[in-house]
Amino acid sequence: STSSFSYSSYHTLEEIYSWIDNFVTEHSDIVSKIQIGNSFENRSILVLKFSTGGSRHPAIWIDTGIHSREWITHATGIWTANKIVSDYGKDRVLTDILKAMDIFIELVTNPDGFAFTHSMVRAPGKDGRRGSRHLCRTWGFDSLGGFILLPGNGSNSNPCSETYHGPSPQSEPEVAAIVNFITAHGNFKALISIHSYSQMLMYPYGRSLEPVSNQRELYDLAKDAVEALYKVHGIEYFFGSISTTLYVASGITVDWAYDSGIKYAFSFELRDTGRYGFLLPATQIIPTAQETWMALRTIMEHTLNHPY
Amino acid sequence: QMNFTGDQVLRVLAKDEKQLSLLRDLEGLKPQKVDFWRGPARPSLPVDMRVPFSELKYIKAYLESHGLAYSIMIKDIQVLLDEEREAMAKSRRLER
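The listed protein sequences derive, respectively, from chains Y and Z.
Residues in the first sequence are numbered consecutively from 1095, following our numbering.
Residues in the second sequence are numbered consecutively from 416, following our numbering.
Put into structure tokens, the structure is as follows:
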């Protein structure tokens, strides 16, 4: 059962998938498991659906583990999933959100890469093995700044490069699974992609300095979210559009989401203690998840209160 | 599991765009000498790079010769990885 599961530890892919099965069994009234596809090496790609009924509720998407070496993101996602079932019915804001919306969480967005970090190379990087697309792709996918969905400046077609993009959004099975699922669902109102580490909360665009149409709203919402995060453990985040906060990067997840009509699209870069990089010790999992939750809850509440 | 004994992570603070481009030049070296954990983005943001033990002398000389200020964020990556692995094993025992 999940009662013996340690939310303050890192786990392997098998342990996470086993937890998912137990978690869904124990909370079947509000949580279900959906397989949205298979990875390049044919592992299941799983999504948790939190719903109190109805089939086409407006929905919120959260993914962790795009960069599979950043274990803190998967661990934060697992803690968040448990927080949702623990607080539903107690936390008025969350209860209101779930009464009107569904929440989808993809915990291990890149299962092949995650397995690779446990079995072969904990810190895959650009010195990954050159050679066949398969090998490079395993780690190459790790170092993407999100899903390179669209060819454009700053991305290229070399599967061993950091800014690899497939010839089309559907070219990578992990990307295709998300793109197809979100597109087929057709009623997502917010998308939040969780990476680490830089202590940043960013919104579109990444591909250009041109502000999005609801820039002011996203700026104010990001400000509220990082303030809510700060109040928990005093961690300060930068926030703003990707291109003005970080750098101009082509076709990444939140750009694609925004262009697909999802007005509230955000990328998190979780806490950076300045001592561990993405190798954050497990002792930091709970505090990181606790502060991230307050920012997520702020974004979800805004989405609930601003239907479109 | 690949071993990272002696590999270090250096945190570099580039003063300006010129220094940032010097860091980007490192990215293009063949064979790869550094792995950016936080890539060169803008002068106000730190750049973190993993440097294999065998390249440390060369990379530190490169940084110092170009006046790039750096600190050692992680002295030996493998030490952190061993601690992480031990923590996971301990947690697994407790969970059982």
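Every residue, glycine too, gets a C-beta built ideally from N, C-alpha and C.
Query: Compare the Cα-Cα distances from SER1335(Y) to each of VAL1342(Y), ASP1353(Y), MET1296(Y) and TYR1358(Y) and report the closest residue.; Result: MET1296(Y)
Query: When the distance is taken between beta carbons, is PHE1372(Y) closer than 8 Å to ILE1286(Y)?; Result: no
Query: How many angstroms separate the CA atom of SER418(Z) from the CA atom of TYR1370(Y)?; Result: Inspection of the sequence shows that residue 418(Z) is occupied by Asn rather than by Ser. If you take the alpha carbons of ASN418(Z) and TYR1370(Y), they lie about 17 Å apart.
Query: Which of the three DSSP states is assigned to GLU1304(Y) in this structure?; Result: coil
Query: With three or more beta-carbon pairs closer than 8 Å as the criterion, would you say the region 1128 to 1137 of chain Y touches the region 1268 to 1281 of chain Y?; Result: yes
Query: Determine the chain Y residues that contact SER506(Z) at a beta-carbon separation under 9 Å, and present them in chain order.; Result: SER1100, SER1102, SER1103, TYR1104, HIS1105 and ALA1376
Query: Could you check whether the Cβ of SER1292(Y) sits closer than 8 Å to any Cβ belonging to chain Z?; Result: yes
Query: Rounded to a whole number of angstroms, what is the C-alpha to C-alpha distance between ALA1359(Y) and ILE1160(Y)?; Result: 16 Å
Query: Using a Cβ distance threshold of 8 Å, determine whether the region 422 to 431 of chain Z contacts the region 459 to 472 of chain Z, with at least three qualifying pairs required.; Result: yes
Query: Mapping the DSSP letters down to three states, classify THR1158(Y) as helix, strand or coil.; Result: strand
Query: If you drop the 5 nearest sequence neighbours on each side, which residues of the same chain put their C-beta closer than 7 Å to that of GLY1280(Y)?; Result: none
Query: Mapping the DSSP letters down to three states, classify VAL427(Z) as helix, strand or coil.; Result: strand
Query: Classify TYR1101(Y) as helix, strand or coil using the three-state DSSP reduction.; Result: coil
Query: Roughly how many angstroms separate the alpha carbons of GLY1183(Y) and ALA1383(Y), rounded to a whole number?; Result: 20 Å
Query: Between the region 1207 to 1220 of chain Y and chain Z, which residues of the former have CB atoms less than 9 Å from a CB of the latter, in chain order?; Result: HIS1212, SER1213, MET1214, VAL1215, ARG1216, ALA1217, PRO1218, GLY1219 and LYS1220
Query: Using only the alpha-carbon positions, how far apart do GLU1395(Y) and VAL1141(Y) sit?; Result: 21 Å
Query: Any beta-carbon of chain Y closer than 8 Å to the one on PHE419(Z)?; Result: yes
Query: Just tell me which of SER1112(Y), TYR1341(Y), LYS1325(Y) and GLY1219(Y) has its CA closest to the CA of PRO446(Z).; Result: GLY1219(Y)
Query: Which same chain residues end up closer than 7 Å to ILE1329(Y) when comparing Cβ atoms and leaving out the 5 residues on each side of it in sequence?; Result: GLN1293, LEU1323, ARG1365 and GLU1385
Query: Spell out whether any CB of chain Y is found under 8 Å from the CB atom of VAL424(Z).; Result: yes
Query: Can a CB atom of chain Y be found closer than 8 Å to the CB of ARG457(Z)?; Result: yes
Query: Report yes or no: is there a C-beta of chain Y within less than 8 Å of the C-beta of ASP491(Z)?; Result: no
Query: What is the DSSP secondary structure of LEU435(Z), reduced to helix, strand or coil?; Result: helix
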